[in-house]
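> Okay, handing you the structure first.
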Amino acid sequence: MRVGMHPIDEGLVRRLIAEQFPQWAELAVKRWPSGGTVNAMYRLGDHMVVRLPLVRGGANDVSREREWLPRLAPFLPTRIPEVLGAGEPTREYPWPWSVYRWLPGGHPVEGALGASGQLAQDLAAFVAALCGVTLPAGPMAHRGEPVASLDAQTRAAIEELRAIPQEGIDCAAVTAVWEETLRAPGWNGQPVWVHADLMPGNLLVDNGRLVSVIDFGCAGVGDPACDLFPAWNLLSADGRDIFREALVVDDATWTRGRGRTLSQALIALPYYRRTNPAMAHNARYVIQAVIDGN
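Under UniProt numbering, the letters of the sequence shown match residues 1 to 294, in that order.
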């Protein structure tokens, strides 16, 4: 459990709904299992979901989504969350929260769908469309900072993993990839819109097609390399090639994208290896994909 997590259960969610949205008070409330670490999710009836921050840092994400989701939606080829109710803090619960329309679909499995090509193309279409959005005054994306700002954390994580031999991480290989990342030219264009958290848990698929992208709490403007994560955290080697070709990514951006994805995985694995199996599994997948493709 993360430090500062607020206790949330079905009873609390029912009370919040009854107090602030009495028109939905008779609908069933049921915890929705999720590997996420920032928000708790509860189904509300058949067509809605309640999303509540577990930690104080998630409260800013709520405000960001309320402001930007309706503005971004018309420009994107894939469905994104729609806020139906803006919940406010109470004595029992200290942060803003939201009710969203339920979006159907399942989360993709790392490596299982990448070779089909269609998912890779759908992801590329979404990333390209978001990158092309010209809405002004966008917030800085989480992870939108220069790659060099991640150096200290990344190297510290490598040393943590070096001290966990049972994980079997080739620390020399990942260090070499990271150092290549730092040598790559930085993004010198205008910041572009990015989702900045394209993890499998934030993607919904149906029959191998991308049908929705969720959780825009990290979204904003920054380096386009921030949205290359699926190349290594989801797609197979074949899917990775299709994704890159569809996006027409230059070498420097591709190198930064690989390094950003690797950095996130290296930091996540020692942190989540005993507490969040889904996050740890994905981190291992990324690290191996990067090493195999290096």
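Glycine included, C-beta positions come from ideal geometry on N, C-alpha and C. It should be emphasised that the depicted structure is a prediction, and the values quoted were computed from it without experimental measurement.
Tell me the DSSP secondary structure of MET5 in three-state form.
Residue state, collapsed to three classes: coil.
> For TRP102, which of ASP241, MET48 and ARG14 has the nearest alpha-carbon?
Comparing Cα-Cα distances from TRP102 to each of ASP241, MET48 and ARG14, the minimum goes to MET48.
> Considering only residues of the same chain and omitting the five flanking positions on each side of GLY259, which have a CB-CB separation below 7 Å?
Closer than 7 Å at the Cβ level, and outside the excluded window around GLY259, lie VAL147, VAL177, TRP178 and THR181.
> Excluding five sequence neighbours on each side, which residues of the same chain lie with their C-beta closer than 6 Å to the C-beta of VAL230?
Note on residue identity: the sequence assigns Pro, not Val, to residue 230. Contacts found: LEU123 and LEU198.
> Can you grab the Cα-Cα spacing for the pair ALA112 / ARG183, in whole Å?
Each residue's alpha carbon lies about 32 Å from the other.
> Are LEU262 and ALA283 touching if we call contact CB-CB under 7 Å?
Not closer than 7 Å, so no.
> Looking at ILE267 and ALA173, is the spacing between their C-beta atoms short of 7 Å?
For ALA173 and ILE267, no; Cβs fall outside 7 Å.
> Taking the straight line between their C-alpha atoms, what separation do you get for VAL211 and LEU119?
Each residue's Cα considered, the two are about 10 Å apart.
> In angstroms with no decimal places, state the Cα-to-Cα distance between GLY114 and LEU234.
Unreliable placement is indicated for GLY114, whose pLDDT of 49 sits below 50; the coordinate value is still reported in the next sentence. Going from the Cα of GLY114 to the Cα of LEU234 covers about 7 Å.
> At 4 residues or longer, what runs of the alpha helix (DSSP H) sit wholly inside the segment 222-261?
Whole alpha helix (DSSP H) segments, 4+ residues: 230-233 and 237-247.
> What residue from ASN39, ARG43 and TRP68 has the CA that sits closest to GLY57's CA?
Of the listed residues, the one whose Cα sits closest to GLY57 is ASN39.
> For LEU203, does the three-state DSSP call read helix, strand or coil?
LEU203: strand per DSSP, three-state reduction.
> Please confirm whether PRO53 and TRP24 have their CB atoms less than 7 Å apart.
No, the Cβ-Cβ distance between PRO53 and TRP24 is not below 7 Å.
> Just mark ILE214 as buried or exposed, buried being the case when its beta carbon has 16 or more other beta carbons within 10 Å.
By the 10 Å Cβ count, ILE214 comes out buried.
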